[in-house]
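Scroll down for the structure; my scribbles are underneath it.
Chains as they are written, first to last, in our numbering: chain A, 321 to 703; chain B, 321 to 703.
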């Protein structure tokens, strides 16, 4: 159940001394091949961290041989000196593994605006290299945790090949990714161009539709590496389906571990004129602090759902919207319908269904409720 | 200091029985002329309440002779029957005052999705008519309060004429207005077309730049009425300046009374390529839950400011942004600068200044911090 489950990969997670707690804080994942195809997506935030600036260049040729990740410091808004730290880490990995630095993706997570200790990082790379193991996936997944309460891992089995994945992230999940680091491995044979196509299809309906608090992080990276060690070339649709399953599973693990949340909320928009409009409406609800606070208070407040939809430019008749919460159609034709007191908001999982009656497209966006614990964690923790 | 300070207006605030607390809940403002010029702006939310649907038609001819407002029920998402309630209230006002119903603006605020009791409203109109007085402004301002902790009123004096205003609203303040009702009176002579131009100029830099929680309400209305009773016609620039001063004063009163807030935050963007881009950047910061929670926690987290700006399409160099908090330039060139621990976030008033170094335009957007009390009030109160 880890990134070293697929053949052709070694990994390690070690203590580099970046975290004041003394917990593991540096992970290394190496693709031993025979192939080294890769694809990546990064945060859409224009104010990107140094590791992103580095890794965006690394991935352009479709070849990635190693990913090195640290928690305990995001190396973000640290200027040219911070970029040199990222570069030095990549060089150290390259030297030890015997590859080029231009094939090493670097990821960092933790506090923003503070320089990472370069010596700690470089020593950590050495320790991680020495610890590399074919069963090192669990240690790597632990080493990338920040405010995560659990590590997130997944394996999806294909016909003679498999996909493994690990993720970190808890809160700050937003469209086009957010403080989220994801490494995915596969021993299938998948050329870089196909990997890219599959990854974009998979993230579009998984990570891109998580919107925990509307904020967009500076360091988000999803990298997939294919070792080809199984010798099997799946069809692109089969691989895409498996990759989507892996990404969705990891996304739901991220959602369930969002900082301070009491509820996971799935907002599904039905009968929209287009999938984009369905996403637009669902996201507007996912970003309503008033709605999210109401769910925390166990109040099936469909009025706040309509008020959110009303801020979009999607196609619908404002006087003819239906809204269900946990299957109870509390609003029909934009007026009160079934008794809201029959909606049980005690369970963590909440579904909101919105019928736009304007087409046949649909989409789901996931979010969390707005809780006291969210405010507490995000007022006390600098990121 | 009230809407009846300018000559030519009478007002009242009475108990109609809509609020379970027995507090005043119905207000009536009548313009006795000699002129009846008016202008209004309404919420941009497409899912509008019934009073908005009514009043949008009323104001089209530039003539408004009375405004009737109730708290204790928003008459929103209540369907055709709710619209008939609004209509009946306007007719009752018209009958008693001796004017046409088509000159009566109706405003409602309170819970969404619940029908207002029509009999209570009509009896309330009768009581309010009987109570109309040239010093009734204070009572009217009290009657429109919902979760407001204080009534909001203002007077701005011109040369022989004046402007009076009242507002209700506490939280849910967002661009293009939000659960906010504002009535402004003036005894200046101002033709409707000029009033409209002045009102749009005034709201653009006041109410439109309040963004307490990013949510947009369904009932927001700002109506200005000119009685002409002073006989004086100010220049349009003079009148616009005074109206802007009145709107800004009321906006700041709304900001200071936002539900559960501990801080008022003024986010100013300097040296933007355009005013629109300055507003876009400032608003993106104002909508960052992470940033707002950090202010609550007294954490001068400029990294979250940069991360918010990075989500916009404004013109700037991501590696060359400066950020000050309460006058301390904690970030220069997108890297750490002055010591953040010297920023004192104890006082309620917080200023954030962002230098985009891309032009000479500027704008300020106001918001509040994200607090435990915000979550509590909005999880416990249905709106």
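For glycine and all other residues, C-beta sits at the position ideal for the given N, C-alpha and C. None of the values given here were measured: they were computed from a predicted structure.
Is any beta-carbon of chain B found at less than 8 Å from that of residue i?
| i | result |
| --- | --- |
| residue 338(A) | no |
| residue 610(A) | yes |
| residue 654(A) | yes |
| residue 497(A) | No answer about residue 497(A) holds up, because its pLDDT of 35 lies below 50 and its placement is not dependable. |
Run down chain A in chain order and give the residues with a C-beta less than 7 Å from the C-beta of residue i.
| i | result |
| --- | --- |
| residue 501(B) | None at all; the shortest Cβ gap to chain A is about 16 Å. |
| residue 626(B) | 367, 397 |
| residue 578(B) | Those within 7 Å of residue 578(B) in chain A number zero; the least Cβ separation is about 12 Å. |
| residue 622(B) | 433 |
Tell me which residues share the same chain as residue i and place their Cβ nearer than 7 Å to its Cβ, disregarding the 5 neighbours each side in the sequence.
| i | result |
| --- | --- |
| residue 625(A) | 605, 611, 643, 672, 674 |
| residue 496(B) | Caution applies to residue 496(B), whose pLDDT of 37 falls short of 50 and renders its modelled position unreliable; the value that the coordinates give is listed next. Correct list, in chain order: 363, 364, 528, 536. |
| residue 355(A) | 509, 546, 547, 548 |
| residue 663(A) | 620, 645, 646, 648, 650 |
| residue 530(A) | 493, 571, 574, 575, 686 |
| residue 376(A) | 362 |
| residue 422(B) | 378 |
| residue 340(A) | none |
| residue 684(B) | 529, 586, 587, 588, 602 |
So residue i contacts chain B; which residues on that side make the cut at Cβ distance below 8 Å?
| i | result |
| --- | --- |
| residue 645(A) | Per Cβ cutoff of 8 Å: no residues; residue 645(A) is ~13 Å from chain B at best. |
Please compile the residues from chain B whose C-beta is within a distance smaller than 7 Å of the C-beta of residue i.
| i | result |
| --- | --- |
| residue 692(A) | 692, 695 |
Taking only beta-carbon positions, decide if residue i is within less than 8 Å of chain A.
| i | result |
| --- | --- |
| residue 393(B) | no |
| residue 598(B) | no |
| residue 493(B) | Any answer about residue 493(B) is weak, because its pLDDT of 45 lies below 50 and its placement is not dependable; what the coordinates show is given next. No, residue 493(B) does not count as interfacial toward chain A. |
Might you give, ordered along the chain, the residues of its own chain that have their beta carbon closer than 6 Å to the beta carbon of residue i, omitting 5 neighbours on each side?
| i | result |
| --- | --- |
| residue 583(B) | 615, 668, 670, 689 |
| residue 488(B) | 464, 465, 468, 501 |
| residue 412(B) | 442, 445 |
| residue 326(B) | 482, 484, 505, 506, 507 |
| residue 451(A) | 332, 334 |
| residue 263(A) | For residue 263(A) there is no data in the structure shown, the boundaries of chain A being 321 and 703. |
| residue 424(B) | 386, 410, 413, 414 |
On the DSSP letters alone, give me the boundaries of the alpha helix (DSSP H) that residue i sits inside.
| i | result |
| --- | --- |
| residue 438(B) | 438-451 |
| residue 601(A) | 595-606 |
| residue 611(B) | 609-616 |
| residue 622(A) | 622-629 |
| residue 406(A) | 399-417 |
| residue 575(B) | 556-576 |
| residue 516(A) | 512-524 |
| residue 372(B) | 370-378 |
Could you tell me which chain A residues have their CB closer than 8 Å to the CB of residue i, listed as they occur along the chain?
| i | result |
| --- | --- |
| residue 638(B) | 366, 367, 368 |
List, in chain order, every chain A residue whose beta-carbon is nearer than 9 Å to that of residue i.
| i | result |
| --- | --- |
| residue 707(B) | No statement about residue 707(B) is possible, as the shown extent of chain B runs from 321 to 703 and does not include it. |
Along the chain, where does the beta strand (DSSP E) that runs through residue i open and close?
| i | result |
| --- | --- |
| residue 584(B) | 584-592 |
| residue 669(B) | 669-675 |
| residue 481(B) | Looking at the DSSP string, residue 481(B) is not in any beta strand (DSSP E), and its letter there is neither H nor E. |
| residue 460(B) | Looking at the DSSP string, residue 460(B) is not in any beta strand (DSSP E); the run it does join, the alpha helix (DSSP H), is 457-463. |
| residue 358(B) | 357-362 |
| residue 283(B) | Nothing can be reported for residue 283(B): it is not among the residues displayed for chain B, which extend from 321 to 703. |
| residue 642(A) | 642-645 |
| residue 427(A) | 424-428 |
| residue 348(B) | 346-351 |
| residue 545(B) | 541-546 |
| residue 329(B) | 329-334 |
| residue 386(B) | 386-390 |
Could you pull out every residue in the same chain whose Cβ sits closer than 8 Å to the Cβ of residue i, ignoring the five residues on either side in sequence?
| i | result |
| --- | --- |
| residue 338(A) | 345, 346, 390, 391, 392, 393, 430, 436, 437, 440, 441, 444 |
| residue 458(A) | 322, 333, 471, 473 |
task: Please list the residues of the stretch 429-451 of chain B that have a C-beta atom closer than 7 Å to any C-beta atom in chain A, keeping them in chain order.
output: 432, 433
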